[in-house]
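Counting from 1, position 57 in the sequence shown corresponds to residue 57 in the UniProt record's numbering; the numbering is continuous, with no gaps. The beta-carbon is built from N, C-alpha and C at its ideal position, and this holds for glycine as well. Predicted model, so just to flag it, every value in this text is computed and none were measured. Contents: one structure, followed by commentary.
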Amino acid sequence: MQSSSELFPVALMSAELRGDLTEDVYRLKPANSPDPSVELVLTRLGRFGQEGGRGVPVILLHGSFSNRRFWYSPRGLGLAPYLARAGFDPWIAEMRGHGLSPRNQQYRRNRVADYARYDLPAIAAFVREQSGQVPHWIGHSLGGTTLAAALGGHYLGEEDVASAALFGSQVSRNYWPLKVPPVEWGGRMLLKRFEVLSGSWLKRGPEDEPIGLALESLRWHGLFGRFGDAERDWWAGLAEVRMPVMAVAAAGDLQDPAWACRKLLEQVPEEHRHFLLLAKDEGFSDDFGHIEMLVSKAAEREVWPLVAHWLEHQRLPLTTAALEAVAL
């Protein structure tokens with residue numbers, strides 16, 4: 001195929017007009033990991049008629065059991081279209097086997113370690129090549145955790161990340177039974193019988209997840225587990241991050257509680273970290289939930305403008321009144 005990049009083979013799968021938006025879909029084959037069959041799909045949105053004047057690039061990473069539709073609905077709604085209409089250059093990544101990205105040959109073995117070490121750097125390189133600018137990154141749930149792993153593992157640096165925003169992302173929620181070795185071993189033996197975790201069966205979302213992610217999570221939360229892989233301690237590496245990082249937690253999020261999201265952020269040096277809690281006590285209309293923090297009418301009114309403000313200034317408004325003014 002004729003490549004759209006000088007870095008590695010890239011195919012432009014489609015270029016469509018969706019109302020007032022342009023939608024370009026690229027398939028990347030970076031061949032930079034032990035599994036050369038990996039292909040990643042990126043969707044780039046723009047404003048029709050203003051393709052030559054794109055703004056700052058923003059890369060969006062979905063969470064587990066999800067795909068690009070978390071950010072961009074078929075009706076042209078979502079944070080990604082909002083950012084495109086606000087003058088930014090949003091790129092929506094779909095991880096291995098999600099959405100338009102095909103399953104790789106070693107799909108069941110996929111781990112956050114692979115996404116962070118191989119996939120995110122390839123995505124960063126392509127977006128930099130196409131836009132000529134250092135991108136901002138936004139990750140939700142597992143997407144934010146993967147972004148934190150890439151920063152802590154130094155797979156992404158200042159040349160790849162202008163800022164990072166982690167929504168509902170944490171690795172500190174304790175599962176005490178997993179601290180008992182026989183329980184962890186038993187769980188591992190049980191999980192190894194499966195190829196995937198079914199999002200529809202678990203009622204978690206439209207996509208499946210490879211069993212490798214679950215096995216990796218067991219290791220993180222085991223008795224001597226850590227947020228890292230055999231080579232690098234990502235948790236410790238976050239202390240060396242030198243770009244602005246924002247963590248956003250939701251008071252009504254039972255899956256990834258606010259205290260755990262804050263704990264992940266606190267690994268980043270104080271001068272680079274920013275924390276936002278979406279709660280009634282903080283001046284918001286509701287105690288947002290794990291999904292509702294980014295996908296809801298309330299998020300459209302109250303959270304999306306704050307995201308745009310963050311991308312423009314790499315800081316948050318200092319007062320509740322300022323938060324309300326930005327949202328308006």
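- The residues ASN104, GLN105 and GLN106, in chain order, have a CB closer than 7 Å to that of ASP35 in the same chain once the five nearest residues on each side in sequence are set aside.
- If you check the CB distance, PHE288 and GLY199 do not come in under 8 Å.
- Only residues of its own chain outside the window of five on either side were considered, and among them PHE88, ASP89, GLN133, HIS136 and LEU311 have a CB closer than 7 Å to the CB of VAL56, listed in chain order.
- Residue MET293 holds the alpha-carbon nearest to the alpha-carbon of HIS140 among MET293, PHE48, HIS98 and HIS313.
- Below 8 Å, too few C-beta pairs join the stretch 226-237 and the stretch 249-263 to call them touching: fewer than three.
- The way I'd put it, the stretch 153-170 does touch the stretch 247-255; three or more beta-carbon pairs between them come closer than 8 Å.
- In the DSSP assignment, ASP229 forms no beta bridge with any residue.
- The straight-line gap separating the alpha-carbon atoms of ALA149 and PRO206 is approximately 24 Å.
- If you look at PRO317, you'll find it isn't in any beta strand (DSSP E); DSSP assigns it neither H nor E.
- The criterion of a C-beta distance shorter than 8 Å is not satisfied by LEU202 and ILE211.
- Between ALA251 and the set GLU266, HIS272 and LEU276, the nearest pair of CA atoms involves LEU276.
- Going by beta carbons, HIS221 and GLN255 fall outside the 8 Å limit.
- Excluding sequence positions up to five before and after LEU316, its CB lies within less than 8 Å of the CB of MET246, HIS274, LEU276, LEU306, HIS309, TRP310 and LEU323, all in the same chain and listed in chain order.
- In the three-state reduction of the DSSP assignment, LEU42 falls in the strand class.
- Per the C-alpha coordinates, the member of GLU266, ALA279 and LEU40 positioned closest to GLU240 is GLU266.
- Rounded to the nearest angstrom, the gap between the Cα atoms of GLU209 and ASP20 is 33 Å.
- For VAL56, the secondary structure class from DSSP, reduced to helix, strand or coil, is coil.
- For PHE284, the closest of ALA298, ALA15 and GLU271 by C-alpha to C-alpha distance is ALA298.
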